[in-house]
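First comes the structure, then the notes that go with it.
Numbering (the numbering used here), first residue to last: 157 to 314.
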């Protein structure tokens, strides 16, 4: 078991995008703020536990299309819910288990193209694009499964 990634947000927003960790446990403490956590990297194990302690906060999880999000051990007080509009009908290979407490909070699950667009709408993506261009590679924030050193496809001239 690897060490847990700890994220603490108090009335601010933080994002962890791309290939940023290989941990299997994430501890998120958020109060009056927002957290975006990218769990699409191939370096992240198939079984992941996300421990939350939320108060008037929002956590957005970017997950693979076939990931199963288990919210059985999540305790709610006040308003709030897990928004997962694209949940797969069949359980996938990856399992994300949500545990902890959420008071007047919300957890959003973005998959596939929606997760890509969410990652692309960030300052981190622009920085990654600039670094990729300088280094002659492809960006990885939008798709952490992509090989950054694969030859880019050239379009044929007319």
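Note that CB positions come from ideal geometry on N, CA and C, so glycine has one too.
Rounded separation between residue 210 and residue 239 - CA only: Each residue's alpha carbon lies about 15 Å from the other.
Cutoff 6 Å; reference residue 233; Cβ partners in own chain excluding five residues on either side: Contacts found: 259.
Nearest residue (CA-CA) to residue 276, options 300, 180, 247, 213: It is 300.
Any 3 or more C-beta pairs closer than 8 Å across the region 197-211 and the region 174-184: Result yes; three or more Cβ-Cβ pairs closer than 8 Å.
Cβ-based neighbour list, residue 274, same chain, cut-off 8 Å, excluding 5 preceding and 5 following: Within the same chain, 192, 216, 218, 266 come within 8 Å of residue 274 by CB-CB distance, once the 5 residues on both sides are set aside.
Where residue 274 sits in the DSSP three-state scheme: It is helical.
Residue 288 (DSSP reduced to helix, strand or coil): Collapsing the DSSP output to three states places residue 288 in a helix.
Span separating the alpha-carbon of residue 179 from that of residue 159: If you draw a straight line from the Cα of residue 179 to the Cα of residue 159, it comes to about 6 Å.
Neighbourhood of residue 281 by C-beta distance below 8 Å, restricted to the same chain and skipping five residues each side: So the qualifying residues of the chain are 173, 275, 295, 297, 298.
Residue 226 - DSSP class collapsed to helix/strand/coil: The answer is strand: DSSP assigns residue 226 an E or B state.
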